[in-house]
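Accompanying notes for the structure given below.
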Amino acid sequence: MGTTTIFCESDKFCKEFEPRWEQHLLESSLKRHRRQEALCLSEIMTIMVGFHLPGYRTFKHYYLNYVLRYQRGYFPGLVSYNRFVELLQGSLVPLCCFLTSRFGQCSGISFIDSTKISVCHNRCIGSHTVMAEFAARGKTSVDWF
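Numbering of the sequence shown is given in this note's numbering, commencing with residue -7 and proceeding in unit increments.
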């Protein structure tokens, strides 16, 4: 899936979602000047979705080494990495709604990773009380935990 396809899908979603979202937001008693952002919401969402495609491990590396270098033609109003991270907080709810609307049908087959997550040494288990009511010892096909 290319950048243009992702942008078209997210832009179509944002045109329907933003007016309804604005209606449900609470109004503040303070009058705030809302200036036009350099990147629109659908561009921010496109960059976030695109992060998961090429296989970069960190978002900072992806943004600085891929988006700023090679995607400038797609996003002419690109901002610095620090400013982009600030813009992300306003796009979390629309991004989650966009991704939720794009779920596919479940095929009925699910894969579960049964590797254990070692939290602490066996001798220290009794001293950890945060998750005491949920935590329990168990057994996987490989070992006890």
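The C-beta atom is built at its ideal place from N, Cα and C for all residues, glycine as well.
Please read these numbers as outputs of a predicted model, since none were measured by experiment.
Rounded distance between the beta-carbons of residue j and residue i, thought under 8 Å
{"i": "arginine 64", "j": "leucine 56", "result": "Not really, about 12 Å apart at Cβ, beyond 8 Å."}
{"i": "tyrosine 58", "j": "proline 46", "result": "7 Å"}
{"i": "threonine 38", "j": "threonine -5", "result": "7 Å"}
{"i": "tyrosine 66", "j": "lysine 52", "result": "At roughly 19 Å, the Cβ-Cβ gap does not stay under 8 Å, so tyrosine 66 and lysine 52 are not in contact."}
Contact check, residue i vs residue j, beta carbons under 8 Å
{"i": "serine 93", "j": "isoleucine 36", "result": "no"}
{"i": "leucine 79", "j": "glutamate 14", "result": "no"}
{"i": "phenylalanine 90", "j": "phenylalanine 5", "result": "yes"}
{"i": "tyrosine 54", "j": "tyrosine 48", "result": "yes"}
{"i": "proline 86", "j": "leucine 31", "result": "no"}
8 Å Cβ cutoff, residue i in contact with chain D
{"i": "tyrosine 48", "result": "Reference to chain D is not applicable here, since this structure consists of a single protein chain."}
Next on the checklist: Runs of 4 residues minimum, wholly inside the stretch 4 to 71: which ones carry the alpha helix (DSSP H) assignment?
Outcome noted: Whole alpha helix (DSSP H) segments, 4+ residues: 33 to 43 and 51 to 54.
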